[in-house]
Amino acid sequence: MFTATTPDDLPTRDETLAMSGLEFMQGVIAGTVARPPISAVLNYSLDSVEDGKVVFRGTPEFDHTNPMGTVHGGWYGTLLDSCMACAVMTKVPKGSIYTTLEYKVNLTRNIPLGTEIIAIGTIDHAGRTTGVASGEIRGVLDGKLYATGSTTCLIMKIAD
């Protein structure tokens, strides 16, 4: 995998539309499509992709804390938005794009700094115009549930 460091590293609109969402996500794993810069900033990366399921792996560090020194809720939210929306993306056909319409996050406990987690997104529904997915963040070593989430994404046909 490589990380986009300039806009030129990202696929063009036409390149994106020429792939299904699953092909796009498989391209990120294979290193033919750049991972987004936010993943480097927040210390997470794509771990696995399959039809209807995406897993990210990450570790929160001090740079990801709030003023109280605990992991900022935005870190949880970003990881869940990423895994859930990308699970929807695996169902997006060629010629279409998607975007997150809304998402919800439930924090169940604080992730200790330096704890490696996986964020698992699983498709619940993929239709012509909407996709719904759920997600969870779990510790890699302890298996503890740190957060859950749900999302609704808008799927838009752009080209034939």
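Straight run, no breaks: the sequence shown in the numbering used here ends on number 170. Virtual Cβ for every residue (Gly too), placed ideally from N, Cα, C.
- Scanning its chain for C-beta atoms nearer than 7 Å, with the 5 sequence neighbours on each side dropped, one finds around Asn76 the residues His82, in chain order.
- The Cβ atoms of Ala136 and Lys101 lie closer than 9 Å to each other.
- The beta carbon of Asp57 sits closer than 7 Å to the beta carbons of Val65, Phe66, Arg67, Ile128 from its chain, once the five residues preceding and following it are set aside; these are given in chain order.
- Counting along the chain, the unbroken beta strand (DSSP E) around Val115 starts and ends at 106-117.
- The Cβ atoms of Thr125 and Pro70 sit closer than 9 Å to each other.
- If one requires a minimum length of 4 residues, no alpha helix (DSSP H) run lies completely within the region 60-90.
- Per the Cβ contact rule, the region 89-101 is in contact with the region 149-169 (3 or more Cβ pairs under 8 Å).
- In the assembly as shown, Phe34 is a buried residue. Its beta-carbon has 16 or more other beta-carbons within 10 Å.
- For Glu126, no alpha helix (DSSP H) encloses it, and the DSSP letter there is neither H nor E.
- With fewer than 16 other beta carbons inside 10 angstroms of its own, Ala169 counts as exposed.
- When only Cα atoms are considered, Glu146 and Ile130 end up about 5 Å apart.
- About 6 Å separates the beta carbons of Pro46 and Ala14, which is inside the 8 Å limit, making them a contact pair.
- Between Tyr54 and Leu20, the C-beta gap is not smaller than 9 Å, which leaves the two residues out of contact.
- Nearest to Asp18 by C-alpha distance, out of Ala44, Met29, Val38, Leu27, is Ala44.
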